[in-house]
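Residue numbers (the working numbering), protein chains in the order written: chain A, 9 to 347; chain B, 146 to 319. We put the CB at the ideal spot given by N, CA and C, even for glycine. The block underneath contains the structure these notes are about, expressed in structure tokens.
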Amino acid sequence: MNMNWHDLIERYISGTITEAETEALEQQLKTDADLRDWYLDAVNLDSALELTAESAELAMILPVPPSHRVLTPASSHPFRWLSWRPLTAAAAGLVIGMFCTSVVFGFGARSVEKVLSLLQESFESGPAPLVTGVPPLLEQWSGDYSEIVLEHEGVKPKDGNKMARLLRSDFEGRTVPLPSRQGDLMRVVDVRPFQSEANGADVVLTLSALFNAVTFPATERYDGMVTIYALGADTDLRGATEDSVKEDALAFSVGRLPALDRVTSTWQPASTRLLLPAGTAFVMLKASVCRMPVGSKSLSSLPESVTFAGHFVDDVRASIRIRDAVPNHRAQAVTQVAK
Amino acid sequence: MPPPLDPQHAQFLRLYADQEQALHGYVRSMLPDRHEASEVMQEVIVTLWQKFEGAHDFRKWSFGVARMKVLHHLQRKMRDRHVFSEELVKQLADRQAELEVRHTKQREALEHCLEKLPQGQRELVITAYTKGTRMDDLAVQRGETAMALYKKLHRIRQALLECVRRTLTQEELA
Numbered sequence: 009m010n011m012n013w014h015d016l017i018e019r020y021i022s023g024t025i026t027e028a029e030t031e032a033l034e035q036q037l038k039t040d041a042d043l044r045d046w047y048l049d050a051v052n053l054d055s056a057l058e059l060t061a062e063s064a065e066l067a068m069i070l071p072v073p074p075s076h077r078v079l080t081p082a083s084s085h086p087f088r089w090l091s092w093r094p095l096t097a098a099a100a101g102l103v104i105g106m107f108c109t110s111v112v113f114g115f116g117a118r119s120v121e122k123v124l125s126l127l128q129e130s131f132e133s134g135p136a137p138l139v140t141g142v143p144p145l146l147e148q149w150s151g152d153y154s155e156i157v158l159e160h161e162g163v164k165p166k167d168g169n170k171m172a173r174l175l176r177s178d179f180e181g182r183t184v185p186l187p188s189r190q191g192d193l194m195r196v197v198d199v200r201p202f203q204s205e206a207n208g209a210d211v212v213l214t215l216s217a218l219f220n221a222v223t224f225p226a227t228e229r230y231d232g233m234v235t236i237y238a239l240g241a242d243t244d245l246r247g248a249t250e251d252s253v254k255e256d257a258l259a260f261s262v263g264r265l266p267a268l269d270r271v272t273s274t275w276q277p278a279s280t281r282l283l284l285p286a287g288t289a290f291v292m293l294k295a296s297v298c299r300m301p302v303g304s305k306s307l308s309s310l311p312e313s314v315t316f317a318g319h320f321v322d323d324v325r326a327s328i329r330i331r332d333a334v335p336n337h338r339a340q341a342v343t344q345v346a347k
Numbered sequence: 146m147p148p149p150l151d152p153q154h155a156q157f158l159r160l161y162a163d164q165e166q167a168l169h170g171y172v173r174s175m176l177p178d179r180h181e182a183s184e185v186m187q188e189v190i191v192t193l194w195q196k197f198e199g200a201h202d203f204r205k206w207s208f209g210v211a212r213m214k215v216l217h218h219l220q221r222k223m224r225d226r227h228v229f230s231e232e233l234v235k236q237l238a239d240r241q242a243e244l245e246v247r248h249t250k251q252r253e254a255l256e257h258c259l260e261k262l263p264q265g266q267r268e269l270v271i272t273a274y275t276k277g278t279r280m281d282d283l284a285v286q287r288g289e290t291a292m293a294l295y296k297k298l299h300r301i302r303q304a305l306l307e308c309v310r311r312t313l314t315q316e317e318l319a
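Structural data, given as structure tokens:
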């Protein structure tokens, strides 16, 4: 077989390789030391590009707490314009208040999984979202100015007859004197029952939401974004701001849908997931639409606040996956429990 | 104001920040799928902190934890015929650890090589690697086919790889 090994490595990394090609590449790699080094160089490049993109994204959308920033001095960082790595940020967040131990899964262990629905929201019923920023209560949508609407200017709800429309990038009584170019909807959910059921096993929370918009000018860009904040039992939501929630969070995770299309018939997803640190009692779930600069323009080229012409969120879902480790002799087939 | 970091927390973060890129590359050498690697890295971070007891050979210990997590993950998907065998994965992981210095230099050279790319190519590659980007959606936005986009990205990656290798060779000769 006459193979272009470098091309196969590329396709292996991008997940577009066939079984037969995987087998051929494996045999070649086992005997060709130079090709192994090429493979590892290619993977290293891919990994570095991934971290570069994630860091660039995070640096653009998440202000870094000053107390954490000092831990990664820019002078030691290989990428000048990136001063913060997302996983380091996650590590910085997750370690606050996390002192219990757990088992490092031994090689050869099997896992049993449960998947449970935490939230499925299509805005068909329930009270309208508050417009007071961070929700003051559990199980209540709140955030920036928004409304629940029926079909609107050609945009049909994805699920049911209603959807949430984000109106502005600020909320009632907002006093933070900083620009805000994203409209948020947030909800705080109690996850203690799930943590109790997990009994020390890994708990992974997945959050997704669908986004759509009326046709906006081609010179504008809007991103969809979902965020999970893991919060401890002592979190006090009264008077909290998103910055204070972020500071106090045990960990957070962001998923992003870059550049919403301008087609009213398509709903586009953003999703993220987070391994909840021990001690997580609540999670704050957030769906946002962010005005972003186009091309090489900077954020400062945008207005400091945004009024959205017609941007919508629907079908917000959160699920919990409990993954337990059991010894080999007790290994069972993977179990999925429907919501 | 957030509470000050306790000394153990600060020490852990400093050690972890020093190793994160190498650790990520190590995981990716065994697990090429970005999303799976990201999930495993989260597990690695949590375990490292939960088990952290001090600075003694943090690199060796963290790589050991990462290796175990990846192998455990691969065991769960043993039936997938699109991944390498455990034997080859271990062979690659061993070599990856040996190449750490070279790969650190390559990552440093990448900044220089990205700056040399035409702006359009640089933006494309950063967008393509941004979490949540779907290649088919990106292709539609750009008015291209997904296959054409894959080929374009392939050429950019090859150019970057050649550039970082060339940069390192020049440094070695200097």
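Output, in chain order, the set of chain B residues within a Cβ distance shorter than 7 angstroms of residue i.
i: Pro266 of chain A; result: Thr272, Thr275, Gly277 and Thr278
i: Pro285 of chain A; result: Val191
i: Lys166 of chain A; result: None at all; the shortest Cβ gap to chain B is about 16 angstroms.
i: Glu228 of chain A; result: Neighbours of Glu228 of chain A on chain B: none; closest Cβ ~14 angstroms, over 7 angstroms.
i: Ala61 of chain A; result: Ile271, Tyr274 and Thr275
i: Leu37 of chain A; result: Leu233
Could you name the residues of chain B that residue i contacts, counting a contact when the two beta carbons are closer than 8 angstroms?
i: Arg44 of chain A; result: Gln236, Leu237 and Arg240
i: Ile21 of chain A; result: Pro177
i: Asp366 of chain A; result: Residue 366 of chain A lies beyond the stretch modelled for chain A, which goes from 9 to 347, so this question has no answer here.
i: Glu180 of chain A; result: Here the premise fails: no neighbours, minimum Cβ distance about 26 angstroms.
Opposite residue i in the DSSP bridges: which residues?
i: Ile190 of chain B; result: In DSSP, Ile190 of chain B forms no bridge with anything.
i: Glu155 of chain A; result: A:Arg173
i: Leu129 of chain A; result: The sequence as given places Glu at residue 129 of chain A; Leu does not occur at that position. Paired residues: A:Val324.
i: Lys294 of chain A; result: A:Met194 and A:Thr235
i: Phe219 of chain A; result: A:Gln276 and A:Val321
i: Gly240 of chain A; result: A:Thr288
i: Tyr230 of chain A; result: A:Arg299
i: His160 of chain A; result: A:Val163
i: Phe260 of chain A; result: A:Tyr237
i: Arg247 of chain B; result: Partner(s): none; Arg247 of chain B has no beta bridge.
i: Thr315 of chain A; result: A:Arg176
Should residue i be labelled buried (16 or more other beta-carbon atoms within 10 Å of its own) or exposed?
i: Lys254 of chain A; result: buried
i: Pro165 of chain A; result: buried
i: Val302 of chain A; result: exposed
i: Pro266 of chain A; result: buried
i: Leu259 of chain B; result: buried
i: Ala326 of chain A; result: buried
i: Arg329 of chain A; result: buried
i: Gln315 of chain B; result: exposed
i: Gly23 of chain A; result: exposed
i: Asn169 of chain A; result: exposed
i: Gly247 of chain A; result: exposed
i: Asp251 of chain A; result: exposed
i: Met171 of chain A; result: buried
i: His248 of chain B; result: buried
i: Ser84 of chain A; result: In this prediction, Ser84 of chain A scores a pLDDT of 29, lower than 50, which makes its location untrustworthy; the coordinate-derived value is nonetheless stated afterwards. Exposed: under 16 other Cβ atoms inside 10 Å.
i: Gln128 of chain A; result: exposed
i: Val246 of chain B; result: exposed
i: Gly141 of chain A; result: buried
i: Leu216 of chain B; result: buried
i: Gly199 of chain B; result: exposed
i: Ser261 of chain A; result: buried
i: Met186 of chain B; result: buried
Going along chain A in order, which residues have a C-beta closer than 8 angstroms to the C-beta of residue i?
i: Gly170 of chain B; result: Val51, Asn52, Ser55 and Ala56
i: Ser230 of chain B; result: Glu34
i: Glu188 of chain B; result: Asp210 and Leu283
I'd like to know whether the C-beta atoms of residue i and residue j end up nearer to each other than 8 angstroms.
i: Asp49 of chain A; j: Gln251 of chain B; result: yes
i: Leu33 of chain A; j: Trp46 of chain A; result: no
i: Leu146 of chain A; j: Val212 of chain A; result: no
i: Gly318 of chain A; j: Arg173 of chain A; result: yes
i: Met233 of chain A; j: Arg264 of chain A; result: yes
i: Pro137 of chain A; j: Ser125 of chain A; result: no
i: Tyr153 of chain A; j: Asp178 of chain A; result: yes
i: Glu312 of chain A; j: Val222 of chain A; result: no
i: Ala238 of chain B; j: Thr312 of chain B; result: no
Going along chain A, which residues have a C-beta under 7 angstroms from residue i?
i: Ser174 of chain B; result: Leu48 and Val51
Along chain A, which residues have their Cβ under 9 angstroms away from the Cβ of residue i?
i: Leu244 of chain B; result: Asp45, Leu48, Asp49 and Asn52
i: Gln251 of chain B; result: Asp49, Asn52, Leu53 and Ala56
i: Arg310 of chain B; result: Asp49
i: His201 of chain B; result: Result: empty, since nearest Cβ-Cβ is about 17 angstroms, beyond 9 angstroms.
i: Leu160 of chain B; result: None at all; the shortest Cβ gap to chain A is about 10 angstroms.
Given that residue i touches chain B, what residues does it touch there, using C-beta distances under 9 angstroms?
i: Ile7 of chain A; result: In the structure as shown, chain A begins at 9 and stops at 347. Residue 7 of chain A is therefore absent and cannot be evaluated.
i: Thr30 of chain A; result: Arg226, His227, Val228 and Phe229
(message) By the 9 angstroms beta-carbon criterion, what residues does the region 286-308 of chain B contribute toward chain A?
(response) Gln286, Tyr295, Leu298, His299, Arg302, Gln303, Leu305 and Leu306
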